[in-house]
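Chemist:
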Amino acid sequence: MAFDLKKEEDVKEFLDNLGIEYRFGCFSEKRPDSCHLLGDYLEGVKKDFEKASKVFRSNCDESHYGRSCYKFANYSFLGKGLKQNMDEAYSYYLKGCSAGDSDSCLNGGLMCVSNTPTNIQRRKDYEKGLELLEKACSGNNAFSCYYISGMFIQGIKDHIEKDMQKAFDYSLKACNLGNMYACANVSQMFRKGDGTAKDEERSDEYKKKALDMQEEFKQQAQIEFQQGTPQT
1 MAFDLKKEED VKEFLDNLGI EYRFGCFSEK RPDSCHLLGD YLEGVKKDFE
51 KASKVFRSNC DESHYGRSCY KFANYSFLGK GLKQNMDEAY SYYLKGCSAG
101 DSDSCLNGGL MCVSNTPTNI QRRKDYEKGL ELLEKACSGN NAFSCYYISG
151 MFIQGIKDHI EKDMQKAFDY SLKACNLGNM YACANVSQMF RKGDGTAKDE
201 ERSDEYKKKA LDMQEEFKQQ AQIEFQQGTP QT
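Residue numbers (UniProt numbering): 1 to 232.
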């Protein structure tokens, strides 16, 4: 049957059928990917965050589906659909990280090293934090590589020594993965000879790369604004 997605009743029927399909795939066929899609459906379409959180948690615990661990950890961190619980959030970020989800590694690492208002009561653990962030970076998480580079640029007293060569290596990887701020840092490092040999030509190359990314970001933001699409 063909759906006319310009018609409200067809859209409703289409979405209802999606829900049936995901439930069947999850509960009857026991497919972790369908369970995760069901969680996304409950979250995005039905706005039933409590049920969504239960689906994500179950799919993480029973099937070790990394992305579901990540989603449930976010729910626990934010208190979305359930009571806020920082220890539970961290635990599920670790589960997601172990299951290969780089965003889980990133968020778990940030919980170890940062002072967000919701995380202020947690004791910092820079060694574990760096371990998780490096795992995220190894999984090609651009922000994680960029964040680590910042840690080595500044250094952290009694925990992490300033190391411009490591900072350069992590910045370069983050830039190559698409982080424009890292590209700007790489440009500066080539210009000053911080962590690498001075090279004006390469400095200009990475400056241009950063500016191109910035322009692309602005254009995309403008398109989303014109289309009325909320930025995530």
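The C-beta atom is built at its ideal place from N, Cα and C for all residues, glycine as well.
Whole-angstrom Cβ separation of residue 206 and residue 183, contact assumed at under 8 angstroms?
Modeler: As a first step, residue 206 must be located in the sequence shown, where it is residue number 206. As a first step, residue 183 must be located in the sequence shown, where it is residue number 183. Indeed, because the Cβ distance is near 5 angstroms, the residues count as touching under 8 angstroms.
Chemist: Would residue 34 be called buried (16 or more neighbouring beta carbons within 10 Å of its own) or exposed?
Modeler: The residue you call residue 34 lines up with position 34 of the sequence shown. Residue 34 should be labelled buried.
Chemist: On the DSSP bridge assignment, give the partners of residue 160 in chain order.
Modeler: The residue given as residue 160 occupies position 160 in the sequence shown. In the DSSP assignment, residue 160 is bridged to 156.
Chemist: Can you say whether residue 223 is buried or exposed, counting buried as having 16 or more other CB atoms within 10 angstroms of its CB?
Modeler: The sequence position of residue 223 within the sequence shown is 223, counting from 1. By the beta-carbon neighbour count (other beta carbons within 10 angstroms, threshold 16), residue 223 is exposed.
Chemist: Kindly indicate the opening and closing residues of the alpha helix (DSSP H) around residue 73.
Modeler: As a working note, residue 73 is residue 73 in the sequence shown. Counting along the chain, the alpha helix (DSSP H) containing residue 73 begins and ends at 66–78.
Chemist: On the three-state DSSP scale, how would you describe residue 45?
Modeler: Walking along the sequence shown from the start, residue 45 turns up at place 45. The answer is coil: DSSP assigns residue 45 none of H, G, I, E or B.
Chemist: Straight-line CA distance for residue 217 to residue 12?
Modeler: By 1-based counting over the sequence shown, the position of residue 217 is 217. By 1-based counting over the sequence shown, the position of residue 12 is 12. Distance between the alpha carbons of residue 217 and residue 12: 34 angstroms.
Chemist: For residue 178, collect the residues of the same chain with a Cβ closer than 6 angstroms to its Cβ; drop the 5 residues on either side in sequence, then sort them by chain order.
Modeler: Stepping through the sequence shown from its first residue, residue 178 is reached at position 178. Close CB contacts of residue 178 within its chain, under the 6 angstroms cut and outside five residues either way in sequence, are with 142 (chain order).
Chemist: If I'm right that residue 107 touches residue 93 with Cβ under 8 angstroms, what's the distance once you round it to whole angstroms?
Modeler: Sequence index remark: in the sequence shown, residue 107 carries index 107 (1-based). Sequence index remark: in the sequence shown, residue 93 carries index 93 (1-based). That pair is a contact at about 5 angstroms.
Chemist: Using the Cα positions of residue 209 and residue 43, report the straight-line distance between them to the nearest angstrom.
Modeler: Taking the sequence shown and counting its residues from 1, one reaches residue 209 at position 209. Taking the sequence shown and counting its residues from 1, one reaches residue 43 at position 43. Approximately 37 angstroms between the Cα atoms of the pair.
Chemist: Excluding the 5 residues flanking residue 89 on each side, which residues of the same chain have their C-beta closer than 6 angstroms to its C-beta?
Modeler: Translated into the one-based positions of the sequence shown, residue 89 becomes position 89. Contacts found: 73, 76, 77.
Chemist: Which same chain residues, not among the five before or five after residue 152, have their C-beta less than 6 angstroms away from its C-beta?
Modeler: For the purposes of this step, residue 152 is taken as the residue at position 152 of the sequence shown. For residue 152, where only same-chain residues beyond five positions count, the Cβ hits under 6 angstroms are 163, 166, 167.
Chemist: Taking Cβ to Cβ, would you say residue 68 is nearer than 8 angstroms to residue 60?
Modeler: As a working mapping, residue 68 is identified with position 68 in the sequence shown. As a working mapping, residue 60 is identified with position 60 in the sequence shown. Yes. Within cutoff.
Chemist: Taking the alpha helix (DSSP H) that residue 183 falls in, what are its first and last residues?
Modeler: Taking the sequence shown and counting its residues from 1, the one referred to as residue 183 is at position 183. Start and end: 180–192.
Chemist: Alpha carbons only, please: which of 110, 28, 181, 58 is nearest the one belonging to residue 134?
Modeler: In the sequence shown, the residue the question calls residue 134 occupies position 134. Checking every option, the nearest Cα to that of residue 134 belongs to 110.
Chemist: Tell whether a beta-carbon distance below 8 angstroms holds between residue 102 and residue 140.
Modeler: One-based indexing of the sequence shown puts residue 102 at position 102. One-based indexing of the sequence shown puts residue 140 at position 140. In contact: residue 102 and residue 140 (Cβ atoms closer than 8 angstroms).
Chemist: Note down, in chain order, each residue of its chain lying with its Cβ closer than 8 angstroms to the Cβ of residue 200, except the 5 sequence neighbours on either side.
Modeler: Locating residue 200 in the sequence shown gives position 200, counting from the first residue. These residues qualify, in order along the chain: 190, 191.
Chemist: I'd like the list of long-range same chain contacts for residue 203, defined as Cβ closer than 7 angstroms, with 5 residues on each side in sequence excluded.
Modeler: On the sequence shown, residue 203 is found 203 positions in, with the first residue counted as 1. For residue 203, same chain residues with a beta-carbon under 7 angstroms away, outside a window of 5 residues either side, are 187, 190, 191 in chain order.
Chemist: Anyone know if the C-beta pair for residue 39 and residue 24 falls short of 8 angstroms?
Modeler: Taking the sequence shown and counting its residues from 1, one reaches residue 39 at position 39. Taking the sequence shown and counting its residues from 1, one reaches residue 24 at position 24. No, these two residues do not count as a Cβ contact at 8 angstroms.
Chemist: Go through its chain and collect everything with a Cβ distance to residue 232's Cβ below 7 angstroms, but skip five positions before and after it.
Modeler: Against the sequence shown, residue 232 aligns to sequence position 232. Its pLDDT being 39, under 50, residue 232 is placed unreliably in this model, and the value from its coordinates should be taken loosely. Cβ contact annotation for residue 232 (same chain, cutoff 7 angstroms, sequence separation greater than five): none.
Chemist: When we look at the beta-carbon of residue 138 and count the other beta-carbons within 10 Å, is it buried (16 or more) or exposed?
Modeler: On the sequence shown, position 138 is the one that residue 138 refers to. By the neighbour-count rule (16 or more Cβ atoms within 10 Å), residue 138 is not buried but exposed.
Chemist: Measure the alpha-carbon distance for residue 64 versus residue 198 and round it to whole angstroms.
Modeler: On the sequence shown, position 64 is the one that residue 64 refers to. On the sequence shown, position 198 is the one that residue 198 refers to. Going by the C-alpha atoms only, they are around 47 angstroms apart.
Chemist: Just to confirm the assignment, what range does the alpha helix (DSSP H) spanning residue 29 have?
Modeler: Translated into the one-based positions of the sequence shown, residue 29 becomes position 29. Taken as a continuous stretch (DSSP letters only), residue 29 belongs to no alpha helix (DSSP H), as it is neither H nor E.
Chemist: Assign residue 221 to one of two classes, buried (16 or more other C-beta atoms within 10 Å of its C-beta) or exposed (fewer than that).
Modeler: Against the sequence shown, residue 221 aligns to sequence position 221. It counts as exposed.
Chemist: May I ask which residues mark the beginning and end of the alpha helix (DSSP H) holding residue 91?
Modeler: Numbered from its first residue, the sequence shown carries residue 91 at position 91. Unbroken alpha helix (DSSP H) run through residue 91: 86–98.
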